[in-house]
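Numbering (the numbering used here), first residue to last: 5 to 376.
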């Protein structure tokens, strides 16, 4: 997750399935392992966002063996902790650091870490600040979240679905909108009720949110937060659940539907290999279903053959470029036409700045931002 967009002075050339490159990195001596660190917003085994990144870290170790030495710092709930963490990693000789959350290497003093440590390679998930020794990466989660929303809509009898969300940043807003649009594709007229936890990872808040949503009448739960706590509640209440980030079916074996997932490993391996070889260059990567970066977790027992077929057909259209989640006509909560028929929202200009909700959303965008 996770980066509020700051556009001033930034010019990007985007490749939806590849890298846009400029600049270079230094090769590492073969005598010592190349040291790579990761910074996670939650526990490395959260069954969600951080665990998915940690699977990517382990993929590096598997692919490169003794060529690398990796470590991670977890439960970094505030970006104010990051400069001190980075300083410690640099003292320990880490040469490449991946910041796996909103704003870790961007804005304020965090946005100057690349300059303070020019010999270190920085990469940040979900941001936009590109420098000589800093790159950015993420993926089109909106596509697979739309598909998971289709599973939610098909499972709903009432057409009222709950969605547990963390912070009101553009990334989360576009994901919530994609989920709602997907739900409406299989259940026309479905409404999605938002409940904000104002935390990336908080099992206690996520549990409370799920209970509150079910008490309010929703008959399916989805989420954009990091733990499977909402799924545990859903399982206990007999309510179908759509997860996010990782396959967390074991948390709700009977009520699990699916989840949008990210396959970070291939990207991490490729980038570390380049750093070791001295061919690393900064750029912006936005992975897709087509290149295998985004995907869907296995379906649970409540997803019917009809729903699976509908999702498969929509996925095929996405891969072929014949369907775009945010192509008009799209209407906002008030019913006002927001995206004209045939027009597609642009990635940086529109999706990375999105602060409006689609028709059928119940609630408003939280004004609370992640802790700086």
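No residue lacks a Cβ here, since even glycine has one placed at the ideal position from N, Cα and C.
Query                                                                                                                           : Result
Top-ranked residue by Cα proximity to residue 76, from 48, 282 and 229                                                          : 48
Rounded straight-line distance, which links the Cα of residue 44 to that of residue 54                                          : 6 Å
Whole-angstrom C-beta distance between residue 138 and residue 109, which should lie under 8 Å                                  : 6 Å
Cβ contact (3+ pairs, closer than 8 Å) linking the region 321-335 and the region 168-176                                        : no
Residue(s) in a DSSP beta bridge with residue 289                                                                               : 141
Cβ-based neighbour list, residue 249, same chain, cut-off 6 Å, excluding 5 preceding and 5 following                            : 52, 53 and 56
Simplified DSSP state of residue 347, which is helix, strand or coil                                                            : coil
Cβ pair count under 8 Å reaching 3, the region 145-154 against the region 179-187                                               : yes
Neighbourhood of residue 30 by C-beta distance below 7 Å, restricted to the same chain and skipping five residues each side     : Its pLDDT being 47, under 50, residue 30 is placed unreliably by the model, and nothing is read from it.
Beta-carbon proximity of residue 134 to residue 41, cut-off 9 Å                                                                 : no
Cβ shell of residue 118 (< 6 Å), same chain only, five flanking positions each side left out                                    : 126, 135, 137 and 138
Between the CA atoms of residue 85 and residue 124 - distance to the nearest angstrom                                           : 18 Å
Cut-off 6 Å between Cβ atoms - residues of its own chain near residue 198, not counting five sequence neighbours on either side : 167, 169 and 367
Reduced DSSP category for residue 53 - H, G, I as helix; E, B as strand; rest coil                                              : helix
Option nearest residue 314 by Cα separation, candidates 265, 290, 363 and 154                                                   : 154
When 255, 92, 99 and 156 are compared against residue 38, the one with the closest alpha-carbon                                 : 99
Buried or exposed (CB count within 10 angstroms, at least 16 for buried), residue 259                                           : buried
Contacting residues, own chain, Cβ-Cβ under 8 Å from residue 296 (five flanking each side not counted)                          : 267 and 270
Which of helix, strand or coil DSSP assigns to residue 361                                                                      : coil
Inter-residue Cα distance where the pair is residue 221 and residue 46                                                          : 30 Å
Nearest residue (CA-CA) to residue 217, options 74, 245 and 79                                                                  : 245
Presumed contact (8 Å Cβ cut-off) between residue 333 and residue 106, rounded CB distance                                      : Not confirmed; about 31 Å, so no contact.
Burial state of residue 339, where buried means 16 or more other Cβ atoms lie within 10 Å                                       : exposed
Among 113, 120 and 111, the one whose alpha carbon lies nearest that of residue 95                                              : 120
Per DSSP, the bridge partner or partners of residue 336                                                                         : 362
Paired residues, beta bridge with residue 72 - DSSP                                                                             : 38
Per-residue DSSP class, three states only, for residue 183                                                                      : helix
Contacting residues, own chain, Cβ-Cβ under 7 Å from residue 194 (five flanking each side not counted)                          : 157, 160, 163, 165, 187, 188 and 364
Cα-Cα separation between residue 92 and residue 65, rounded to whole angstroms                                                  : 22 Å
Under the three-state DSSP convention, the category residue 108 falls into                                                      : coil
Straight-line Cα distance separating residue 129 from residue 68                                                                : 22 Å
Classification of residue 358 by the beta-carbon crowding that lies within 10 angstroms, buried from 16 upward                  : buried
Reduced DSSP category for residue 77 - H, G, I as helix; E, B as strand; rest coil                                              : strand
N-terminal and C-terminal residue of the beta strand (DSSP E) that residue 169 is part of                                       : 164-169
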